[in-house]
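So the sequence shown is residues 132 to 341, counted in our numbering.
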Amino acid sequence: MASLAMKAIGGKLSSNFSSTISEHNSHIDWHDYNFPPCLKLIHFKLSDFQGTEKALIKKLYISWILLTVVLFKNVITTIVLSSTVLPGINILFTFLNLIIGMTLGTFTFFWGYYGVAKRDSSHLRKFKIGAVILVILYILASCLPYGAFDGWARIPILEDKSGRAAEYGIVMCVMESFVYTINAGLLSYCIYLVQTDAYEDDARSFTNQN
């Protein structure tokens, strides 16, 4: 299901490559679609960039990787816990989280990465909106015990259960909550860098010159 959802957004992402007016990083072949692996919806190669640009885009990429890892880990954890100590409906919730999270996460990564790469103010505005939403969701996911969320508040619930599955769930809750907390901080820092490094101002300057 997640694969189909990701493919569905491929056309939308790819169509944006030709819409910008900026010639910044014009050496990049934006039509060499190679990312995400297997799906190949957009072009992304970290070696295309240098300096502060590369540093920021690398942080965005790491944030996307953390989201991908924690969402797929949540699927495994939820299946284990839902077959033993938690309601089975949580399996549905974890796949919904995977589809929604990967879609929003990939769009946000693309908006930020492409906006920085091309000095495109429209994409950067979309990135900041998407990133703020993700940061809020990360904080909630790191705390809440509802559905497929394995936040800190789920640990006391699992402590009341017996068996290895509950012990496994506690360890996974700690790991998942920690990753979400780290990712909330990392993505917040990326928002700060985008805002303070004035990439949007560069885009406006280019527009005015033309």
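Note that CB positions come from ideal geometry on N, CA and C, so glycine has one too. Only a predicted model underlies this, so the values are computations on that prediction, with no experimental measurement involved.
Round the Cβ separation of residue i and residue j to the nearest angstrom and send it over; I've been treating them as touching at under 8 Å.
{"i": "PHE224", "j": "ALA279", "result": "4 Å"}
{"i": "LEU265", "j": "LEU235", "result": "6 Å"}
{"i": "VAL201", "j": "VAL310", "result": "5 Å"}
{"i": "LYS189", "j": "LEU177", "result": "6 Å"}
{"i": "ALA262", "j": "LEU318", "result": "5 Å"}
Under a three-way DSSP split, which group does residue i fall into?
{"i": "ILE159", "result": "coil"}
{"i": "PHE126", "result": "With the chain running from 132 to 341 in the structure shown, residue 126 is simply not present."}
Going by DSSP, what residue range makes up the alpha helix (DSSP H) through residue i?
{"i": "CYS321", "result": "295 to 327"}
{"i": "THR183", "result": "182 to 213"}
{"i": "HIS254", "result": "252 to 274"}
{"i": "LEU289", "result": "285 to 290"}
Skipping 5 residues on each side, what residues in its chain have a beta carbon closer than 8 Å to that of residue i?
{"i": "MET306", "result": "LYS204"}
{"i": "LYS259", "result": "ILE322, VAL325 and GLN326"}
Tell me which same chain residues have a C-beta within less than 6 Å of the C-beta of residue i, skipping the five on either side of it?
{"i": "SER213", "result": "GLY219, ASN221 and ILE222"}
{"i": "CYS321", "result": "LYS190 and LEU191"}
{"i": "ASN341", "result": "Low per-residue confidence applies at ASN341: pLDDT is 44, beneath 50, and the placement is therefore not dependable, though the value from the model is reported in the following sentence. The answer is none, since no qualifying residue turns up."}
Between which residues of its own chain and residue i is the CB-CB distance below 7 Å, once the five residues before and five after are set aside?
{"i": "ASN314", "result": "SER194, LEU197, LEU198 and TYR269"}
Open item on the list: As an exercise, report each continuous alpha helix (DSSP H) stretch of at least 4 residues that is fully enclosed by the stretch 221 to 250, in chain order.
Closed with: Taking only runs of at least 4 residues, the alpha helix (DSSP H) segments lying wholly in the stretch 221 to 250 are 221 to 249.
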